[in-house]
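Single-structure report; data block below.
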């Protein structure tokens, strides 16, 4: 879910539209700049809130030595939309690359079309993106403004990894109750309540049964649960149903599923099961609690906490306090649909800005083209042979226990991996030409060796071999339109303004519905619905319905 700028910031964005628009839909920027030398510094804006890589980082040194490329990262601090608005409003200060996670930069005319550059200068990228090329062009009207960072597979997908939506629960809690089948949200919260009563403190700190991150752009976890509890896949702010032979878009904010969830959540809050500080903690405070090992369960996407917060638990030896995903639903009549088939992450990844000179844009594309080659992907993903991995006595890539342990340590990662670059860059996923998985952790013997006793015990208890299988052993095929979260209204449009206004309403009323007196719930809900109507939610739904109709025409409906 993408936030839309509101209030005064909308004016800033309006200025930005005129500022960047001079080259909208154009070629590879303006000429100028000397990139013909052997060295090149690429300036990048990223929303990844990570540390700057230290000067002695091994992987960035390898990139510099082999390719002559260095990076200057502008790492997001504070509000994402405000920062993007400021960049758009002052295009002369744009970096070479921006991390794209919505159409904002594109709509403001700040990005160049990469289609011709890839076709002319990047045969490896063109080959890599071949399975997704039609979709990449279709979503941006025949142009390509960013290169998808995930979801484009080279060779068979060998993934065992799951980092998406779920009710993520500590493994210790499941073990305490003999690894029970937890199918419904009520069963889950009953178990959390009982465990918290048995263990009121963890590591000397108060146990938190359930927590919700509501800070900044991660607040989508506040309004996403009803969709999944009702058995729908991740279509963003809504879900799709069939009515009278037509595919119809329904919002997740005001339907009966939303009311059902918030009424349940109100009851859980009254029982002391939801952390009241969920609604005031910033993201650092929130993830600090997770890293302390005292948050039993959260509704969240795994990628949000798996790196720094969960790695801190692993480094501290608190592996039983790490998490497993549960696909719980409202009641047992509902079939869960949390796990999907991997899709190209369209309108995401790096985009090259209009500020970047044309010759430098070409050089950057050529660099990306080199980096997506298999031997370079192995270096980025596996590391240095002989240091980070080696061939075992059977001639297979493998790691020692020491190597596996250090590669989960945040400090080691900071000094040895090119995380800030790699996570948003074009990358190989699936399998290399030799048949080995692109990610070391997906090589079967590495996956097994890296699994901790807590993992193996849990998998055996549930009759699965991975957390992906725990969520769904055989996820259904995606619908043709899927996922609807790839659609965002143009900033300044009626639909975008409506979505922004509804977010203000959501942020105000949803915590109140959870924290308020049970006797006041119906009153608060009715006020919320009236305010959502005033915010013109119908205009946003109308926009999404038009987008759904177009996607169904282009890509189809439900699978046969």
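In my numbering, the protein residues as written are 69 to 628. We put the CB at the ideal spot given by N, CA and C, even for glycine. Note that this is a predicted model, so its numbers are computed, not measured.
Can you tell me where the alpha helix (DSSP H) holding residue i begins and where it ends?
i: residue 483; result: 478 to 484
i: residue 512; result: 512 to 518
i: residue 570; result: 562 to 583
i: residue 521; result: 521 to 530
i: residue 325; result: 324 to 338
i: residue 379; result: 376 to 383
i: residue 558; result: Run containing residue 558: none; DSSP gives neither H nor E here.
i: residue 201; result: 201 to 207
i: residue 351; result: 351 to 359
i: residue 250; result: It is not in any alpha helix (DSSP H) - residue 250 carries neither H nor E in the DSSP assignment.
i: residue 196; result: 191 to 197
i: residue 538; result: 535 to 539
i: residue 215; result: Per DSSP, residue 215 belongs to no alpha helix (DSSP H) and is neither H nor E.
i: residue 597; result: 589 to 602
i: residue 154; result: 148 to 157
Do the CB positions of residue i and residue j come within less than 8 Å of each other?
i: residue 620; j: residue 315; result: yes
i: residue 205; j: residue 420; result: no
i: residue 255; j: residue 407; result: no
i: residue 390; j: residue 376; result: no
i: residue 168; j: residue 196; result: no
i: residue 404; j: residue 370; result: no
i: residue 433; j: residue 185; result: yes
i: residue 500; j: residue 304; result: no
i: residue 611; j: residue 557; result: yes
i: residue 495; j: residue 109; result: no
i: residue 234; j: residue 539; result: yes
i: residue 625; j: residue 545; result: no
i: residue 289; j: residue 367; result: yes
i: residue 141; j: residue 438; result: no
i: residue 358; j: residue 251; result: no
i: residue 373; j: residue 387; result: no
i: residue 562; j: residue 577; result: no
i: residue 594; j: residue 569; result: no
i: residue 328; j: residue 270; result: no
i: residue 341; j: residue 278; result: yes
i: residue 192; j: residue 441; result: yes
If you reduce the DSSP assignment to three classes, tell me which class residue i lands in.
i: residue 369; result: strand
i: residue 263; result: helix
i: residue 620; result: helix
i: residue 141; result: strand
i: residue 134; result: helix
i: residue 306; result: strand
i: residue 221; result: strand
i: residue 549; result: coil
i: residue 419; result: strand
i: residue 465; result: strand
i: residue 179; result: strand
i: residue 396; result: coil
i: residue 496; result: coil
i: residue 443; result: helix
i: residue 507; result: coil
i: residue 284; result: helix
i: residue 120; result: coil
i: residue 188; result: helix
i: residue 391; result: strand
i: residue 92; result: A caution first: residue 92 carries a pLDDT of 39, below 50, which makes its placement in the model unreliable, though a value can still be read off. The answer is coil: DSSP assigns residue 92 none of H, G, I, E or B.
i: residue 348; result: coil
So residue i and residue j are in contact, right, with Cβ under 8 Å, and what is the actual spacing, rounded?
i: residue 575; j: residue 517; result: At roughly 45 Å, the Cβ-Cβ gap does not stay under 8 Å, so residue 575 and residue 517 are not in contact.
i: residue 589; j: residue 292; result: In fact, because the Cβ distance is near 20 Å, the residues do not count as touching under 8 Å.
i: residue 30; j: residue 364; result: Residue 30 is absent from the model: the chain starts at 69 and stops at 628.
i: residue 402; j: residue 299; result: 4 Å
i: residue 476; j: residue 383; result: 7 Å
i: residue 119; j: residue 482; result: 6 Å
i: residue 566; j: residue 596; result: Wrong, their Cβ atoms sit about 15 Å apart, outside the cutoff.
i: residue 467; j: residue 497; result: Residue 467 to residue 497, Cβ: 20 Å. No contact.
Compute every distance between the C-beta of residue i and the non-hydrogen atoms of the ligand NAD, then say whether any falls below 7 Å.
i: residue 197; result: Judged by which ligands are present, the structure shown has none, so any question about the ligand NAD falls away.
In the DSSP assignment, find the beta strand (DSSP E) that holds residue i and state where it starts and stops.
i: residue 109; result: 108 to 114
i: residue 319; result: 314 to 319
i: residue 279; result: 276 to 279
i: residue 294; result: It is not in any beta strand (DSSP E) - residue 294 instead sits in the alpha helix (DSSP H) that spans 293 to 297.
i: residue 235; result: 233 to 238
i: residue 165; result: 165 to 168
Inset, instruction - Would you check if there are 3 or more beta carbon pairs closer than 8 Å linking the region 485 to 492 to the region 106 to 121? - result: yes
Inset, instruction - Determine contact between the region 479 to 489 and the region 125 to 132, defined as no fewer than three beta-carbon pairs at a distance below 8 Å. - result: yes
Inset, instruction - Would you be able to state if there are at least three C-beta pairs under 8 Å between the region 163 to 177 and the region 411 to 418? - result: yes
Legend entry - Segment contact flag, the region 437 to 457 with the region 505 to 517, C-beta cutoff 8 Å, min 3 pairs: yes
Inset, instruction - Say whether the region 305 to 322 touches the region 582 to 590, bearing in mind that this needs 3 or more beta-carbon pairs closer than 8 Å, one atom from each stretch. - result: no
Inset, instruction - Could you tell me whether the region 232 to 248 touches the region 513 to 530, where touching means 3 or more Cβ pairs closer than 8 Å? - result: yes
Inset, instruction - Would you check if the region 342 to 357 and the region 278 to 289 touch, i.e. whether three or more CB-CB distances between them fall below 8 Å? - result: yes
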